[in-house]
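Residue numbers (our numbering): 58 to 399.
Heads up, the beta-carbon is just placed ideally off N, CA and C, and yes, glycines get one too.
For reference, the structure is listed below as structure tokens.
Below you can see the structure in the form of structure tokens.
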């Protein structure tokens, strides 16, 4: 199969939201009047961000979901995406990785990395997962690139937000409450199980693995937070690391209460890992945002309307950095603030 056959078969769909989509040298897009364009890019690398034997359907979902999460954090409506893929197509990945440990063991790999095989069936499932989520959020795939090489997946996502209404990192104010959506740490706990660092029951693994492999981008929440949140970010590298970006951009500090952090029953039972997973685990793809205290009750009503857990976990204070207190008021030192690619 040629590159263009591959694109036509697996990655070409109708693009009603674009003037011109896949099939020319560039897409033609029209931003709505009074809106600005929000653009973000994320790359997933085999052996660093996912295991080689990952379910291709779920991987297709996650490849788009992590990008949608960035738009959610900006309060932007998703519109278009491009997808660039490097594929060890039709042969084992060992042809490209001759050394025993070819990729850094950052987020977990195993020997199956060198047995990864990308074929037509894999691409069919991957594209099905990608387009199922794209359809849910009315995202048109309007272009991209394919090449042969180590398995890498890169999406550029584009969306719209009314001018002056984008959620940003630099708007946190002293006195704001700090909120997070959903639960924290489940994805990190599932990864710990897959790496052999903890043994979960079948039920707990099923619950946590969904957070790792099939994260749900909080797009609707992001849209709802326009005019309410002073700042926002998605949690991809860990709560402390990502909240730290808000604090740095806004030139403020924060105080958090560890007991207030939302966690699943599965994580609460893992006392040795709970702290690290919730504060620094990463891969949550929940939103962390700040808002004035007078919005507290309104945010709880929004949580009820969306059927989504929203939790106030602390407050913004003058100064810099983030301090986390335990139930006795002692300062917690987690040892890590989050994932760092380098």
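Which residue's Cα is closest to the Cα of residue i: the options?
| i | options | result |
| --- | --- | --- |
| residue 102 | 211, 374, 353, 315 | 211 |
| residue 193 | 238, 221, 118, 141 | 118 |
| residue 339 | 373, 246, 390 | 246 |
| residue 269 | 227, 240, 215 | 240 |
| residue 299 | 184, 226, 66 | 226 |
| residue 304 | 65, 347, 186 | 347 |
| residue 205 | 143, 219, 249 | 143 |
| residue 63 | 264, 327, 179 | 179 |
| residue 141 | 207, 131, 367, 107 | 207 |
| residue 302 | 100, 262, 345 | 345 |
| residue 332 | 242, 322, 321 | 242 |
| residue 385 | 325, 352, 313, 349 | 313 |
| residue 391 | 175, 296, 322 | 296 |
| residue 126 | 376, 294, 380 | 294 |
| residue 229 | 288, 262, 202 | 288 |
| residue 276 | 188, 365, 357, 350 | 365 |
| residue 286 | 80, 97, 373 | 373 |
| residue 401 | 256, 235, 78, 307 | Nothing about residue 401 can be read from this structure; the chain reaches only from 58 to 399. |
| residue 318 | 65, 370, 262 | 370 |
| residue 177 | 291, 232, 368, 65 | 65 |
| residue 327 | 232, 308, 257 | 257 |
| residue 324 | 250, 232, 367 | 250 |
| residue 232 | 375, 68, 263, 262 | 375 |
| residue 334 | 263, 255, 259 | 255 |
| residue 263 | 201, 322, 120, 330 | 322 |
| residue 308 | 379, 350, 265 | 379 |
| residue 320 | 367, 350, 195, 260 | 367 |
Go through its chain and collect everything with a Cβ distance to residue i's Cβ below 8 Å, but skip five positions before and after it.
| i | result |
| --- | --- |
| residue 122 | 190, 271, 272, 273, 274, 342 |
| residue 161 | The predicted model places residue 161 with a pLDDT of 32, which falls under 50 and marks its position as unreliable; any figure quoted below should be read in that light. Counting only Cβ-Cβ distances below 8 Å, and skipping sequence neighbours, we find 104, 105. |
| residue 389 | 315, 332, 336, 381, 382, 383 |
| residue 363 | 277, 278, 281 |
| residue 98 | 124, 211, 212, 213, 214 |
Classify residue i as helix, strand or coil using the three-state DSSP reduction.
| i | result |
| --- | --- |
| residue 110 | coil |
| residue 317 | helix |
| residue 399 | Because the pLDDT at residue 399 is just 49, under 50, the model does not fix this residue reliably, and the value given afterwards should be weighed accordingly. Residue state, collapsed to three classes: coil. |
| residue 241 | coil |
| residue 385 | coil |
| residue 118 | helix |
| residue 70 | coil |
| residue 186 | helix |
| residue 195 | coil |
| residue 256 | coil |
| residue 65 | helix |
| residue 275 | coil |
| residue 160 | With a pLDDT of 30 at residue 160, under the threshold of 50, the predicted position of this residue should be treated as unreliable, and no value is reported. |
| residue 323 | helix |
| residue 155 | Legend: pLDDT at residue 155 = 33, less than 50; position of this residue unreliable, value from coordinates given subsequently. Here residue 155 sits in coil by DSSP. |
| residue 129 | helix |
| residue 266 | helix |
| residue 90 | coil |
Starting from the C-beta of residue i, find all residues in its chain whose C-beta is less than 6 Å away, skip the five residues before and the five after it, and write them out in chain order.
| i | result |
| --- | --- |
| residue 222 | 283 |
| residue 113 | 179, 182, 183 |
| residue 73 | none |
| residue 377 | 310 |
| residue 100 | 211 |
| residue 359 | 281 |
| residue 69 | 79 |
Name the DSSP beta bridge partners of residue i, please?
| i | result |
| --- | --- |
| residue 77 | 85 |
| residue 33 | Coverage of the chain is limited to positions 58 through 399, which leaves residue 33 absent and any answer about it impossible. |
| residue 96 | 215 |
| residue 380 | 312 |
| residue 135 | 216 |
| residue 102 | 209 |
| residue 331 | Bridge partners of residue 331: none, in fact. |
| residue 141 | 202, 211 |
Short of 7 Å in beta carbon distance, which residues of its chain neighbour residue i, apart from the five on each side in sequence? Order them along the chain.
| i | result |
| --- | --- |
| residue 75 | 84, 85, 86, 137, 197, 199 |
| residue 216 | 95, 128, 133, 134, 135, 136 |
| residue 61 | none |
| residue 220 | 91, 92, 93 |
| residue 412 | Coverage of the chain is limited to positions 58 through 399, which leaves residue 412 absent and any answer about it impossible. |
| residue 116 | 107, 183, 186 |
| residue 88 | 94, 217 |
| residue 130 | 224, 279, 289, 290, 291, 344 |
Is any heavy atom of the ligand ZN found at a distance shorter than 7 Å from the C-beta of residue i?
| i | result |
| --- | --- |
| residue 211 | For the ligand ZN, the structure offers nothing, since it holds no ligand at all. |
Minimum length 3: unbroken beta strand (DSSP E) runs contained in the region 336-373: 343-348
Starting from the N-terminal side, write out each stretch of the beta strand (DSSP E) that is 3 residues or longer and does not extend beyond the region 197-230. 197-205, 209-219
4-residue-minimum alpha helix (DSSP H) runs that sit fully inside the region 278-309, ordered along the chain: 296-307
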